[in-house]
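Engineer: Convert by adding 1 to the 1-based position in the sequence shown; the result is the number in my numbering.
Ideal Cβ positions, reconstructed from N, Cα and C, are used throughout, including at glycine.
All of these numbers come straight from a predicted model, not from anything done at the bench.
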Amino acid sequence: MSERIDLIKELEWRGLLKDCTDEDGLRNHLADPDNAPRKIYAGFDPTADSLTIGNLVPIMLLAHVKRAGHIPVVVMGGGTGLIGDPSGKSAERQMMTPEIVQSNVDAQEPIYNNILGQIQGPAHELKDNNEWLSKISYIEALRDIGKHFSVNMMMQKESVKDRLNNREQGISYTEFSYMILQAYDFAHLYEHEGVTVQLGGSDQYGNIVAGSDLIRRQTEDRLWRQKENESPDSNVIVYDEKSFGLTAPLVSKADGGKFGKTETGAVWLTANRTSPYAYYQFWLNSSDDDAAGWIKVFTFLDQETIESLTARHGENPGKRELQRSLAQEATKVLHGQAAMENAEAAGKALFSGDIGSLDEKTMLEVFASITTTEHAKADLADGLDMVEMLKTTGLAASNREARDFLKEGSVSINGEKIDGDSKITESNLLHGSFIAIRRGKKKWHMTLWK
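#1: Put glutamate 264 into one of helix, strand or coil per three-state DSSP.
#2: Report the option in Thr263, Ser51, Phe368 and Ala331 whose CA atom is closest to the CA atom of tryptophan 295.
#3: In this structure, how does DSSP classify arginine 39 when only helix, strand and coil are distinguished?
#4: With distance defined between alpha-carbon atoms, name the residue in Ser203, Met390, Ser353 and Gln103 nearest to aspartate 422.
#5: Let me know the secondary structure DSSP gives lysine 362 once reduced to three states.
#6: Using DSSP's beta-bridge definition, name the partner residues of leucine 201.
#7: How is the beta strand (DSSP E) around phenylalanine 435 delimited, first residue to last?
#8: Should the region 247-257 be regarded as contacting the region 304-311, the criterion being three or more beta carbon pairs within less than 8 Å?
#9: Rounded to whole angstroms, what's the CA-CA distance from histidine 446 to asparagine 166? Just pull it up for me.
#10: Applying the 10 Å Cβ sphere with the 16-neighbour rule, what's the burial state of serine 281?
#11: Does DSSP put phenylalanine 177 in a helix, in a strand, or in coil?
#12: How about tryptophan 269 and serine 428: do their beta carbons lie closer than 8 Å?
#13: Just to confirm, are leucine 8 and leucine 31 a CB contact at a threshold of 8 Å?
#14: Is glutamine 199 buried or exposed, if buried means 16 or more other CB atoms sit within 10 Å of its CB?
#15: Count the other CB atoms, across all protein chains shown, that sit within 10 Å of the CB of tryptophan 284; report buried if there are 16 or more and exposed otherwise.
#16: Rounded to the nearest angstrom, what separates glycine 433 and alanine 379 at their Cα positions?
#17: If arginine 15 sits next to lysine 297, beta carbons under 8 Å apart, how far is it from one beta carbon to the other, in whole angstroms?
#18: Out of curiosity, what's the CA-to-CA distance linking proline 318 and glutamine 183?
#19: CA-CA distance, tyrosine 206 and histidine 65?
#20: Does the contact criterion of 3 or more C-beta pairs under 8 Å hold for the region 42-49 versus the region 74-82?
#21: So for serine 276, helix, strand or coil by DSSP?
#22: So, for leucine 424: in the same chain, excluding its five sequence neighbours on each side, which residues have a beta-carbon less than 8 Å away from its beta-carbon?
#23: Could you spell out the range, first to last residue, of the alpha helix (DSSP H) harbouring serine 309?
#24: Just to confirm, is the Cβ distance from isoleucine 41 to valine 75 under 8 Å?
#25: Hey, which unbroken runs of the beta strand (DSSP E) at 3 residues or more fall wholly within the region 61-142?
#26: At the level of alpha carbons, what is the spacing between serine 276 and alanine 267?
#27: Suppose you measure from the CA of serine 253 to the CA of serine 326; what does that come to, to the nearest Å?
#28: With 16 other CB atoms within 10 Å as the buried threshold, where does proline 99 fall?
#29: Based on the DSSP secondary-structure assignment, which residues constitute the bridge partners of lysine 424?
#30: DSSP three-state call for phenylalanine 45: helix, strand or coil?
#31: Relative to the C-alpha of serine 413, which residue among Thr265, Asp355 and Glu242 is closest?
#32: Could you round the C-beta distance between tyrosine 113 and isoleucine 60 to whole angstroms and report it? I think they count as a contact, below 8 Å.
#33: How long is the line joining the alpha carbons of glutamate 366 and alanine 279, rounded to whole angstroms?
#34: Can you tell which of Ser173, Tyr139, Leu215 and Ala211 has its C-alpha closest to the C-alpha of glutamate 192?
#35: Go through its chain and collect everything with a Cβ distance to serine 288's Cβ below 8 Å, but skip five positions before and after it.
#36: Of the choices Ile209, Gly202 and Phe177, whose alpha-carbon is the least far from that of leucine 190?
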């Protein structure tokens, strides 16, 4: 049997280890050669039909679990999503219908398969906690789960305290009970699936500890019942395995800004929400300090490679080799090699102005955040004066300014420079409908002709 990767050591050097319920015990638990691969899970909240880049951290944790030879288990919150985790929320979430929650669960599933499916190792498993949570009666929840929770302890949770202290917001009994449901997830997976470790962000540590504590209390309760019955109950299973919890730090930006936010909004993990090009550009535009940390978290490059990249970047930061490697590898992890290469080629085409080489889908991705105006295609029949077009598109404030830009040679159509006598005609249309105008090196405007 080949020696397994030390998962804890791998997470430590990547900066992905913050809290652990029993680090030494977990090391031994994962390294024990006499046992089959461990099952390790992380849960995800289906509040939207995609996940944001912040959710990528626990997915990367599961990816490292698989790389270390263990079995990653994704728990999709079809049940808990009907309630909503109050963590990080200043007010009660808007309740979603079961149909919307299920639709979100289904839409998120390809994300886990795309990332975890490309890694060698034991097959990952997908679970929907609605499968077991929906079967618990209210009486069962109170008798078998609720009795193990102290209200005093639950009220000390940060998210609960914040809401209780703000009279305008408050917290409902529904959201207050979320911790019990998440803890039961761990207990159910432990008993029925043999899952012994839960992963998550550091904001979930309280919920993870609650799950481990519920497992311990339920085990003690079963042992007591066995003893009282004096003979083993064949329907009661008592495990002697300990459960563990591990969290990663929440990712932040070096300047204190919010991670995963851009001028156009959140960075999403599906192409219909954030295109591979925009995703690539997010990483490419990261600062030196951010890139140095993020390349450890969001890529699978090994320690030696990253240290070498960081050293070369320090010697010549102007080449931005660190950011480029981060963009390449992170995009490849989420969207695959072909999409990464296409995104990189699109960026080079935009920089050089050679956008005529882009296919229509890629061109639209590239110009998704660029101002676009609509025009009548019939107006192109006799050609349109460029001075007027520069004014119409806002690339020039006056006729005089427009003529100066044209005289200086700072205006291009679809990447080709033009002079003051040029006109726009149908021959300039890209893919039959688009003409891109650029003033200077970076000021682009897309025109759509119908």
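Structural biologist: Reading from the atomic positions:
#1: Of the three classes helix, strand and coil, the one that applies to glutamate 264 here is coil, per DSSP.
#2: The closest CA to that of tryptophan 295, considering only Thr263, Ser51, Phe368 and Ala331, is found on Ala331.
#3: Three-state DSSP puts arginine 39 in coil, outside helix and strand.
#4: Shortest Cα-Cα distance from aspartate 422 to any of Ser203, Met390, Ser353 and Gln103 involves Met390.
#5: Lysine 362 sits in a helix when the DSSP states are folded into three classes.
#6: The amino acid occupying residue 201 in the given sequence is glycine; leucine does not appear at that position. The secondary-structure analysis by DSSP pairs glycine 201 across a beta bridge with Thr248.
#7: Looking at the DSSP string, the run of the beta strand (DSSP E) that includes phenylalanine 435 is 435-440.
#8: Too few Cβ pairs lie closer than 8 Å, so no.
#9: Answer to the nearest angstrom: the Cα atoms are 50 Å apart.
#10: According to the sequence as given, residue 281 is tyrosine; it is not serine. Buried, since its Cβ has 16 or more Cβ neighbours within 10 Å.
#11: Helix, per DSSP.
#12: Tryptophan 269 is not a Cβ neighbour of serine 428, given a cutoff of 8 Å.
#13: Yes.
#14: Around the beta carbon of glutamine 199, a 10 Å sphere encloses 16 or more other beta carbons of the protein chains shown; the residue is thus reported as buried.
#15: Buried is the label assigned to tryptophan 284, since at least 16 other Cβ atoms lie within 10 Å of its Cβ.
#16: Cα-Cα distance, rounded: 13 Å.
#17: Their Cβ separation, rounded to whole angstroms, is 4 Å, which keeps arginine 15 and lysine 297 in contact under 8 Å.
#18: In this model, proline 318 and glutamine 183 are separated by some 45 Å (Cα to Cα).
#19: Each residue's Cα considered, the two are about 19 Å apart.
#20: Yes, the region 42-49 touches the region 74-82.
#21: Reduced to three states, the DSSP call for serine 276 is coil.
#22: Sequence inspection shows lysine at residue 424; the leucine mentioned does not correspond to that position. Residues of the same chain with a CB within less than 8 Å of the CB of lysine 424, apart from the 5 flanking positions on each side, are Gly384, Leu385, Asp386 and Met387 in chain order.
#23: Unbroken alpha helix (DSSP H) run through serine 309: 304-316.
#24: Contact: no.
#25: At a cut-off of 3 residues, the continuous stretches assigned as beta strand (DSSP E) that sit fully inside the region 61-142 are 72-77 and 126-129.
#26: Straight-line Cα distance between these residues: approximately 12 Å.
#27: Serine 253 and serine 326 have their C-alpha atoms roughly 20 Å apart.
#28: Exposed is the call here.
#29: For lysine 424, DSSP records a beta bridge to Asp386.
#30: Strand, per DSSP.
#31: Minimum Cα-Cα distance from serine 413 among the listed residues Thr265, Asp355 and Glu242 corresponds to Asp355.
#32: Taking C-beta atoms under 8 Å as the contact rule, tyrosine 113 and isoleucine 60 qualify, at a distance of about 7 Å.
#33: Those two C-alpha atoms are separated by around 7 Å.
#34: The residue with the shortest Cα to Cα distance from glutamate 192 is Leu215.
#35: Within the same chain, serine 288 has close Cβ partners Lys254, Ala255 and Asp256.
#36: Considering only alpha carbons, the answer is Ile209.
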